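Structure record follows, encoded as structure tokens.
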């Protein structure tokens, strides 16, 4: 039994993104950030109320390009009932040479990896996925956009893996801009899932219930966002973002093993190497981040976002004087395919 409801399809895909990169939607709204509406429909930056598509929006769904309003999802899908789906969050940018999907290859390689380790059958090649996504952007006339591919499982009410899956790719216009505001963060009582119980290197929809709980706890306590520790009590990451801290001219970020090592995180490590910024991957104790000079979150949608404080303890450095500020501008230049040097950083 299936339903022709686009809302249901979008709900399932957005369930996994709500507390990934896209949790910053709420925070952006809180910081009075606005963006223009997308082509073909309104876009509402309001808490718990979003419109991601309009009457003319096209998505890729079950081997075809269709109107978002005409898409449907099976009510007996294993993905809907158990969160058994894998996905990605990807950005495209308008550059001087045209529309470019940033790190498309890396994102789709991870999507294929996630499907493989989760035992979800998936036969698309990375090259085909990239081509389909560019075609989707073209059909919607999108340049600066957020892209959400998700691999959904076929009807199966058991806990055994299914034999079929299908791909959906949605996209909507996204204007990030520079966020001069900084986020107030609290240490969550929720911990990052145990890596012995999950495939934590895979981007799996069901994993993000943990992130939603952590984020909601932070909001309920008057904070913008949460910081999760791992099962050993070390700093792990934000609900949908990796974290970096600065101390005495050196950046530190949690080592792999208990985090989802993001593609934005990897890009920032590359930029640190190019800009001769010292960075260390290590286990970080909570007291170390409380004593840091500055800190920031990073993710595909949010890019680089400054943290003002942790547990109401402010970071000492002005953001404009931090290494994170330099990387924020360097990252923006990289995604736009522009040149950047340290001395070009401006407050």
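In my numbering, the protein residues as written are 565 to 911. The beta-carbon is built from N, C-alpha and C at its ideal position, and this holds for glycine as well. All values reported here derive from a predicted model rather than from experimental measurement.
6 Å CB neighbourhood of residue i in its chain, flanking five on each side removed
i	result
residue 659	900 and 901
residue 648	642 and 717
residue 892	868
residue 700	624, 733 and 735
residue 597	Annotation note: pLDDT 39 at residue 597 (below 50); position unreliable, no value reported.
residue 904	894 and 897
residue 778	752, 754, 790, 792 and 803
C-alpha distance - residue i paired with residue j, whole-angstrom precision
i	j	result
residue 907	residue 839	10 Å
residue 640	residue 719	5 Å
residue 685	residue 715	9 Å
residue 833	residue 857	19 Å
residue 757	residue 835	29 Å
residue 618	residue 806	32 Å
residue 627	residue 692	12 Å
residue 528	residue 831	This structure gives no information on residue 528, because the portion of the chain shown stretches from 565 to 911.
residue 581	residue 812	Low local confidence applies: a pLDDT of 44 at residue 581 is under 50, so the model's placement there is unreliable, with the coordinate-based value given in what follows. Approximately 35 Å between the Cα atoms of the pair.
residue 771	residue 782	18 Å
residue 650	residue 698	20 Å
residue 769	residue 801	17 Å
residue 633	residue 620	8 Å
residue 661	residue 849	44 Å
residue 652	residue 688	14 Å
residue 882	residue 773	34 Å
residue 657	residue 724	40 Å
residue 846	residue 635	45 Å
residue 629	residue 844	44 Å
Residues near residue i by beta carbon distance below 8 Å, same chain, minus five either side
i	result
residue 694	665, 668, 669 and 672
residue 874	749, 750, 751, 791, 853, 854 and 859
residue 890	839, 841, 906 and 909
residue 738	599, 655, 708, 709, 710 and 865
residue 914	Past the edges of the chain, shown from 565 to 911, lies residue 914, and the structure says nothing about it.
residue 721	640, 642 and 645
residue 827	667, 670, 671, 674 and 864
residue 690	669, 672, 673 and 676
residue 823	756, 764, 794, 800, 801 and 806
With 16 other Cβ atoms within 10 Å as the buried cut-off, status of residue i
i	result
residue 884	exposed
residue 798	buried
residue 729	buried
residue 825	buried
residue 775	buried
residue 880	exposed
residue 746	buried
residue 809	buried
residue 842	exposed
residue 794	buried
residue 713	buried
residue 803	buried
residue 818	buried
residue 682	buried
residue 786	exposed
residue 702	exposed
residue 731	buried
residue 760	exposed
residue 622	buried
residue 871	buried
residue 767	buried
Residues sharing a beta bridge with residue i, DSSP
i	result
residue 717	729
residue 765	Paired residues: none, contrary to the question.
residue 870	860
residue 878	873
residue 801	792
residue 808	860
residue 930	There is simply no residue 930 to check, as the chain begins at 565 and stops at 911 in what is shown.
residue 755	793
residue 750	790
Cutoff 7 Å; reference residue i; Cβ partners in own chain excluding five residues on either side
i	result
residue 594	For residue 594, the pLDDT reaches just 42, beneath the cut-off of 50, and the residue's location in the model is therefore unreliable, although a value from the coordinates is still provided. For residue 594, where only same-chain residues beyond five positions count, the Cβ hits under 7 Å are 788.
residue 877	854
Distance cut-off 7 Å: residue i Cβ against heavy atoms of the ligand NAD
i	result
residue 888	Absence of the ligand NAD is noted for the structure shown, with no ligands found whatsoever.
Cutoff 8 Å: residue i Cβ touching any chain C Cβ
i	result
residue 705	No chain C is present in this structure, which holds just one protein chain.
Quiz prompt | Minimum length 4: unbroken alpha helix (DSSP H) runs contained in the region 661-688 | solution = 668-681
Exercise. At 4 residues or longer, and completely inside the region 814-862: list those alpha helix (DSSP H) runs for me, N to C.
Key: 827-838 and 850-854
Self-check item: Unbroken stretches of the beta strand (DSSP E), 3 residues or longer, contained in the region 620-663
Solution: 622-625, 628-631 and 654-659
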